[in-house]
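Numbering (my numbering), first residue to last: 539 to 739. Virtual Cβ for every residue (Gly too), placed ideally from N, Cα, C.
Structure, rendered in structure tokens:
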């Protein structure tokens, strides 16, 4: 191989390596840019995250997770100032956690429940209350039973509220969830209970 051929071959190799390096660099830049755009499009606020949640694709798998999501949404509704359209959309997400029998009860139409929620939130705001935290019984503490041929689960949640005088109160409620035709646990109802009753659960 003569000197001229060697030079041409060397230049060719250098050009190919340089072109490959540029190609890899451009692809890496494009990928990084795409990842940054995807990250930027993700909702940052709790309201945004809850509204973006697709309950058809990612419905909570256990009664505990259902009641946790119930309180996560309620905490957001009661603690966050938001546009009415977001409030209504979040309320509709909440309704998707309810059993059809519960939604069919008198006073539980979408409009009735929404108006009642708005009144409760206003009263809550006027009192300068704040939902600090909530605790839901873990899966291994849930009580299961079959009622009229359907699976039901009973569990307890406690909620901590702080008032304008920095007074903290804890309330307890017992929730009944029932599996629907899609094997989703839906909230059938709940009732307030005492700390002693919660302890027994």
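For residue 589, the CB contacts under 6 angstroms within the same chain, skipping 5 residues up- and downstream, are 627 in chain order. Taken through DSSP and simplified to helix, strand or coil, residue 706 comes out as strand. DSSP places residue 583 outside both helix and strand once states are collapsed to three, so it counts as coil.
Between residue 593 and residue 560, the alpha-carbon positions lie close to 44 angstroms from each other. In the DSSP annotation of this structure, the continuous segment of the alpha helix (DSSP H) that includes residue 602 starts and ends at 601-617. When 673, 665 and 633 are compared, the shortest CA-CA separation from residue 700 is found for 665. Counting only runs of 4+ residues, the alpha helix (DSSP H) found wholly inside the stretch 629-659 occupies 638-641, in chain order. DSSP places residue 724 in the uninterrupted beta strand (DSSP E) bounded by 723-731. The beta carbons of residue 674 and residue 606 sit about 5 angstroms from each other, so the pair counts as a contact at 8 angstroms. Around the beta carbon of residue 595, fewer than 16 other beta carbons lie within 10 angstroms, which makes this residue exposed. Residues 588, 589, 591, 593 and 611 of the same chain have their beta carbon placed closer than 8 angstroms to that of residue 631, with the five preceding and five following residues left out of the count.
Between the alpha carbons of residue 698 and residue 720 lies a gap of roughly 33 angstroms. The beta carbon of residue 629 sits closer than 8 angstroms to the beta carbons of 615, 651, 652 and 655 from its chain, once the five residues preceding and following it are set aside; these are given in chain order. In this structure residue 695 touches residue 713 by the C-beta definition: roughly 6 angstroms separates them, less than 8 angstroms. Residue 710 sits close to residue 731, with the two beta carbons spaced by under 8 angstroms.
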